[in-house]
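Residue numbers (my numbering): 198 to 457. Using N, Cα and C, we set each Cβ at its ideal position, and we do this for glycine too. Treat the numbers as computed from the prediction; the structure is a model and nothing was measured. Input: a single structure, listed below in structure tokens.
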DNA sequence: GCGACAG
DNA sequence: ATCTTGTCGC
């Protein structure tokens, strides 16, 4: 038998969630819109090499949801992050920021519009969660760098994407029953799941951002669904940023459901 | 060239 | 994302 005493510290950082290099590289400065998508695409290709899809390396005690709210004809955006107890789903802390975005919405480049603001809210948090759920895709993206992946690399935290619509790939509709799942494939590769969070309701699209694997992303989604189409982290973050928006004096979205 | 296209 | 009217169902 092997009785060798091994060191308690890993000999490689390859599978660690934390990557300070990537964090410093991608959180600042934000790429500004100059009418050319080239620079953003180049950064996505660089970010792709830093993605870590190893299993989540810690127990999930705190889970956060992040989202933004904005007006169609205004550069002002309201970004917010809500930290929840992953077990009870009760709110632990919230942080928000009102700022302006320097990038337009372009399918495939959403993160350059939202991440800078989300990072400001992230820095305000007193309690950092074990993982963050973003309103958008993770690696279920043409270059695997959706908003969840970009934010995870920049903030140095494990992330998953939970989107309401497809961006890429092919998939079969999951069965009508609640909790049904199918895989989405892009260029012959599995990129995530199509998950029926509620019976008979349009499914949501789940994929890891970075710092976790596909199974982690799906199990975290299942664990945080509370009877609504969207999981609590994302659902409450959405509610939160709209509250911030109203408190700032703007008109709430037309679809605004009753508060509280 | 044409259709698709997260928030 | 936001805008937007009515409609179907619990």
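Go through its chain and collect everything with a Cβ distance to residue 284's Cβ below 8 angstroms, but skip five positions before and after it. 258
How close, in whole Å, do the beta carbons of residue 388 and residue 377 come, if the pair is a contact with beta carbons under 8 angstroms? Not confirmed; about 18 angstroms, so no contact.
Return the CA-CA distance between residue 440 and residue 329, expressed in angstroms with no decimal places. 20 angstroms
Nonlocal neighbours in the same chain, by C-beta distance under 7 angstroms from residue 217, ignoring five residues either side: 353
Compute the distance between the beta-carbons of residue 437 and residue 279, then report whether it is under 7 angstroms. yes
Would you check if the distance between the CB atom of residue 358 and the CB atom of residue 334 is smaller than 7 angstroms? yes
Report the partner residues of residue 389 according to the DSSP bridge assignment. 381
For residue 362, is the classification buried or exposed, using 16 other Cβ atoms within 10 angstroms of its Cβ as the cut-off for buried? exposed
Suppose the cutoff is 6 angstroms on Cβ atoms and the five residues either side in sequence are ignored; what does the same chain contact list for residue 332 look like? 264, 431
DSSP three-state assignment for residue 235, whether helix, strand or coil: helix
Residue range of the alpha helix (DSSP H) that residue 439 falls in? 429–444
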